[in-house]
Amino acid sequence: MLAKLALGNVRRSARDFAIYFVTLALGVAVFYAFNSIGMQAGFLDDYASQLVQLIAQIVSGITVFLAVVLGFLMVYANSYLIRRRKREMGLYQVLGMTRGQVSLVLTIETLLASAGSLVVGFALGILLSQLLVFVTAALFDDAVRNFTFRVSGEAALLTLECFAVMFVVMLLVNLVSLRRVSLSDLMGAERANERIKVRGLPATVVLGVAGVALVGLAYWRLTRDGLPVASTDQYQGFLVTTAIVVVGTVALFYALGGVILALGRGARGAYYRGINMFTVRQLASRVNTVSLSSAVISLILFLAIAVSASGFAMCAAFRTNLDVSAPYDASLSAYYPDDADPSAGERDLLALVEERGVDLGSVTRSSFQVTSYQPSSIEGGDSLSFSSLSQASGVALPGYLQTLAEQGNERPVEVIGQSGYDALRRANGLPEVDLGDDGYLFLCTSSKDTATFFQGVADAGVPIELAGMTLHPVDVPVDTGASATLQDGTAGSGAVGVIVVPDAALAGALPKITYLNLMYSVPAEQGDAVASDAGDLAWGDANVDADPSDPVLYYEASRTECRYASVGISGTVAYLAIYIGFVLVVASAAILAIQQLTSASDAVPSYRLLSEIGVPRPMALRSLRTQIAACFAAPLVVALAHSAVALAQVIKVVRAVGQEGVGAYVGASVAVFVAVYVAYFAVTYAMARGLVCARTDDARA
Amino acid sequence: MASALSVHGLVKVYGRGKSAGTATRALDGVSFDVEAGEFVAIMGPSGSGKSTLLNCVATIDRPTEGSVLIGGRDVTGMRSRDLADFRREQLGFIFQDSNLLDALTCRENIALPLTIGRVPARQVVERVDAIATELGVASVLDKYPYQVSGGQRQRVAACRAMVGGPTLVLADEPTGALDSKNSRTLLERFDEMNARQGATILMVTHDSFAASFCGRVLFIRDGRIFTELRRGDVDRREFFERIMEVVATIGGGSDDAR
Ligand SMILES: Nc1ncnc2c1ncn2[C@@H]1O[C@H](COP(=O)(O)OP(=O)(O)OP(=O)(O)O)[C@@H](O)[C@H]1O
Ligand SMILES: [Mg+2]
């Protein structure tokens with residue numbers, strides 16, 4: 000009997016349940032799809048597959064956080080439902096049902112609706128995860144292999160568990176809220192909702208001014224301090240800025256309703272035209288009743304935009320840097336023991352490797368090698384360091400070098416000769432740079448800040464004393480391009496900085512490292528196999544058994560490997576950014592949608608009345624649209640303003656790491672989010688419109 | 000005098016579908032005229048079709064058959080677009096539960112029909128003040144509907160119905176939710192508006208006391224006009240007695256006399 004009542008209820012208030020249903024189904028779908036990434040690994044090749052599996056682990060960690068977000072959303076959607084039906088619940092009790100029975104009806108209803116949406120959600124999620132396979136593949140620069148339609152039991156189980164927990168929580172919330180309110184409250188629920196709350200003018204002015212001032216202060220602080228990437232001291236300031244922006248945003252939203260009303264009524268001519276006064280009043284009271292949640296939504300949106308846009312920016316940074324960080328098909332390097340004979344000079348690594356049984360020459364179209372020298376083996380080279388350059392020029396060291404110097408851990412300066420640099424320039428198809436008899440030049444690919452430091456030193460004209468010569472900086476900008484890369488690596492993995500000096504200054508110096516760079520004559524796969532054999536020499540007995548005065552092979556990298564490593568990082572970052580951002584945007588848009596539909600359905604009697612006193616349908620719908628649009632737009636506009644300020648700093652940081660042109664990526668990701676959000680608005684309006692039209696068409700009973 | 004309202008052979012059938020047995024003939028050929036400046040009550044037992052009749056006249060519901068002429072124009076065939084304009088310009092409504100917009104102050108509620116009709120803001124304010132004074136609610140204009148009493152709400156609703164100077168004011172049980180004192184105040188105002196400004200009012204009521212304020216009472220039963228009573232020159236008390244007699248013969252449909 001009670002079950003029948005519950006089923007009847009679900010069917011009858013299908014419209015109210017629809018919102019709950021859609022939210023829940025969407026939550027399940029997204030949750031399942033992203034957690035099924037472990038399964039997607041099966042479609043990718045080994046390397047990408049490993050990465051994806053790694054991400055799967057990270058995702059399941061983050062999933063807990065997102066489960067909480069989605070759980071909140073469910074509870075919210077559910078309490079909306081309960082609120083709408085409090086009166087009905089009161090009526091059951093008046094008719095003599097016990098609280099226990101009413102609770103049971105409620106439980107059965109929730110169970111029915113939840114079970115239904117779980118099924119639909121799973122179906123959607125399974126479809127979505129099949130699509131995601133391709134997105135994942137694209138993110139990891141891989142093609143989908145042997146695609147078949149698959150379902151991940153693990154993800155399904157995890158989803159089921161999470162939602163079971165949430166369901167129980169929701170049920171408890173329902174029962175508690177039902178128990179807490181008295182019968183007269185239940186019966187009066189409808190009345191209470193209609194009370195209009197708008198803050199008075201003085202409060203509005205104070206809140207508004209405080210809001211604008213605080214947000215402005217936060218913007219100013221962030222722009223001045225930047226993101227806390229350089230040191231931990233900055234972190235505290237950053238927290239303060241964050242707190243200020245949160246408080247400011249909340250104040251802004253608390254003031255918004257009053258501001259709308261004051262502005263609306265200020266324009267008297269427009270206010271008393273059509274149903275503008277209805278629109279303004281309705282909007283003001285709407286905005287006012289949801290001011291806290293609008294502020295929270297605005298901040299969540301901000302978080303979503305910031306996280307995903309910075310994710311994309313980082314992704315772009317890691318990725319496009321490959322042109323600079325891995326310009327050769329493969330690289331091999333070897334260092335010279337401290338007791339090596341300086342007179343033996345630079346050794347031919349190609350020959351060395353061949354001696355040990357690997358014929359790199361057979362896969363090589365062209366190759367060249369560059370050798371760096373121990374500064375300490377050169378007269379005057381002992382005192383050559385980053386901090387001495389900083390002192391001599393008066394240019395401050397970049398943050399991390401400064402920290403290392405303070406810890407007595409200063410990174411060594413690498414020195415190469417003119418001939419080595421010529422080879423680098425030629426290999427990259429660039430004209431040679433003549434240093435003359437006493438010139439020097441900096442190469443730097445590690446970061447933009449470091450490059451700026453070197454440029455500062457060069458601009459100061461700091462002379463370097465080496466091998467009895469006094470060298471002066473040549474009038475050429477610091478080389479930060481591919482020709483400054485001594486060997487393949489991932490972004491920022493190369494030497495901190497390299498000084499190019501005339502070959503004469505290195506006569507008789509002890510070689511430190513020889514870098515061998517290859518361009519294949521064969522397809523990459525074939526070349527990589529041989530290069531990796533050469534790399535294995537570094538690990539096998541070959542190094543140990545070799546002549547102790549021979550250089551020691553220690554590093555091998557191919558461009559393919561670098562690409563995987565870099566794509567791995569960028570893919571991971573992008574994946575997480577999309578996941579988190581998407582869930583946050585969906586969650587906040589869903590909350591907004593629920594709020595708007597609630598107030599639209601609360602306002603149905605008003606629309607019916609308007610229609611009865613002769614307001615044309617288009618005019619009433621325009622008012623509805625304006626209200627919903629404004630409620631959607633307000634959090635978005637504030638979030639975008641916050642994001643613009645924050646992302647400017649993100650872009651700055653990414654640039655410092657050496658990447659230009661991330662603005663486009665940031666812009667694109669913001670655009671995608673805005674599109675999702677606008678779609679939600681459109682759906683909400685369509686639903687609200689349906690609601691209003693359907694119920695204004697009924698004649699008055 | 001010209002007819003403000005002219006109803007001919009009005010039929011309304013609800014639930015006319017496949018199963019003919021479930022159809023309800025709520026109105027079964029109703030015809031009557033209301034002259035401009037008349038104050039007419041419609042009475043009848045519960046379920047007799049009073050609200051249905053009023054809704055058809057109000058253009059909120061479409062009759063199955065018959066015609067409704069308001070100010071000489073047939074409204075039954077009007078397109079819904081024109082209907083909105085027509086309602087706004089020609090009709091005023093007062094319902095049992097007053098139906099004011101909770102988001103707006105009383106002043107703004109009253110102003111609504113004018114602002115929709117694009118009356119200049121200055122004139123709007125003047126006309127609202129004038130009608131509010133007339134109906135004795137000038138002091139509550141800046142309050143919200145939930146801040147004023149039920150009687151005041153009903154009078155504010157009456158202001159809104161009359162502010163645009165409609166051809167016809169329609170009221171469905173306007174005193175239904177009021178106590179006798181408030182009922183009396185509202186009805187006296189109606190009477191004044193009718194007498195002084197010549198407002199034409201058609202009011203549905205259960206209440207013989209309310210009906211006794213009118214110049215004429217139409218009784219309907221089972222969807223037909225059963226009889227009508229004209230007040231003529233008799234005073235309100237006596238008219239009330241005569242109404243009670245008719246009510247007794249129809250049976251039901253009336254609260255006790257107050
Ligand atoms: N929307 C509808 N669908 C079906 N039947 C209806 C509908 N509205 C009214 N009726 C029926 O039409 C008849 C007349 O109803 P109406 O509401 O006009 O009565 P009334 O005279 O206003 O009664 P009361 O005094 O109780 O308000 C009733 O039998 C009612 O059941
Ligand atoms: Mg009725």
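First to last, the protein sequences are chains A and B.
Quick note: the first sequence uses numbering that gives the first Met the number 0, first residue 0, plus one each step.
Quick note: the second sequence uses numbering that gives the first Met the number 0, first residue 0, plus one each step.
Ideal Cβ placement from N, Cα and C applies to all residues, glycine included.
Contacts around residue i, its chain only, beta-carbon distance under 6 Å, and the 5 residues preceding and following it disregarded
i, result
"A/G416", "D502, L505"
"B/F38", "N193, I200, C213, G214"
"A/A619", "Y606, L609"
"A/G534", "E555"
"B/A3", "V33, A35, T166, L167, T199"
Contact under 9 Å by Cβ, residue i with residue j
i, j, result
"A/S332", "A/Q486", "yes"
"A/R688", "A/R607", "no"
"B/G46", "B/R87", "no"
"B/L134", "B/R106", "no"
"A/L456", "A/S389", "Residue identity check: residue 456 of chain A is Val in the sequence provided, not Leu. Result yes, Cβ atoms of A/V456 and A/S389 sit closer than 9 Å."
"B/V155", "B/R126", "no"
"A/L646", "A/I304", "yes"
"A/Y31", "A/F121", "yes"
"A/Y514", "A/Q368", "yes"
"B/F92", "B/R72", "no"
"A/G613", "B/A83", "yes"
"A/L349", "A/G356", "no"
"B/A170", "B/V203", "yes"
"B/C158", "B/A131", "yes"
"A/H471", "A/Y420", "no"
"A/P510", "A/Y372", "yes"
"A/L69", "A/G7", "no"
"A/D340", "A/S548", "yes"
Range of the contiguous alpha helix (DSSP H) that encloses residue i
i, result
"A/R84", "Looking at the DSSP string, A/R84 is not in any alpha helix (DSSP H), and its letter there is neither H nor E."
"A/L206", "200-224"
"A/G344", "Premise fails: A/G344 is in no alpha helix (DSSP H) and is neither H nor E."
"A/R355", "Where A/R355 is concerned, there is no enclosing alpha helix (DSSP H), given that its DSSP letter is neither H nor E."
"B/N193", "179-196"
"A/D527", "523-535"
"B/L217", "Element bounds for B/L217: not the alpha helix (DSSP H) but the beta strand (DSSP E), 215-220."
Cβ-based neighbour list, residue i, same chain, cut-off 7 Å, excluding 5 preceding and 5 following
i, result
"B/A176", "Q95, D96, G149"
"A/A576", "V306, S307, G310, F311"
"A/A191", "Unreliable placement is indicated for A/A191, whose pLDDT of 44 sits below 50; no coordinate value is reported for it."
"A/S622", "I274, F277, T278"
"A/A24", "S116, V119, G120, L123"
First and last residue of the uninterrupted beta strand (DSSP E) at residue i
i, result
"B/E64", "64-69"
"B/F31", "23-34"
"A/S557", "551-557"
"A/T469", "468-472"
"A/I463", "463-465"
Proximal residues to residue i (C-beta, below 8 Å), its chain only, five neighbours per side dropped
i, result
"A/T449", "P397, L400, C443, V495, G496"
"A/E193", "Confidence is the limiting factor: at A/E193 the pLDDT is only 46, short of 50, which leaves the residue's position unreliable, though a coordinate-based value still follows. Correct list, in chain order: D601."
"A/V67", "none"
"A/L690", "R14, L596, A599, S600, V603"
*Should the segment 204-222 of chain B be regarded as contacting the segment 54-65 of chain B, the criterion being three or more beta carbon pairs within less than 8 Å?*
Contact between the segment 204-222 of chain B and the segment 54-65 of chain B is not established, with fewer than three Cβ pairs separated by less than 8 Å.
*May I have all residues whose beta carbon comes closer than 7 Å to any heavy atom of ligand 2, sorted in chain order?*
That gives B/K49, B/S50, B/D171, B/E172, B/V203.
_At least three beta-carbon pairs within less than 8 Å, the segment 584-597 of chain A to the segment 322-342 of chain A_ = No contact exists between the segment 584-597 of chain A and the segment 322-342 of chain A.
*For the segment 60-70 of chain B and the segment 561-574 of chain A, state whether three or more C-beta atom pairs, one from each stretch, are separated by less than 8 Å.*
Cβ pair count under 8 Å is below three, so no.
*For the 8 Å Cβ check, are there 3 or more pairs between the segment 202-214 of chain A and the segment 234-251 of chain A?*
Flag = yes, the segment 202-214 of chain A and the segment 234-251 of chain A touch.
*Count the CB pairs spanning the segment 23-39 of chain B and the segment 1-13 of chain B that are closer than 8 Å, and state whether there are at least three.*
Touching, per the Cβ criterion.
*So, do the segment 372-390 of chain A and the segment 551-568 of chain A have three or more beta carbon pairs nearer to each other than 8 Å?*
Too few Cβ pairs lie closer than 8 Å, so no.
*Pairing CB atoms from the segment 91-99 of chain A with CB atoms from the segment 149-163 of chain A, are three or more of them under 8 Å?*
By the Cβ criterion, the segment 91-99 of chain A is not in contact with the segment 149-163 of chain A, since fewer than three pairs of Cβ atoms, one from each stretch, lie closer than 8 Å.
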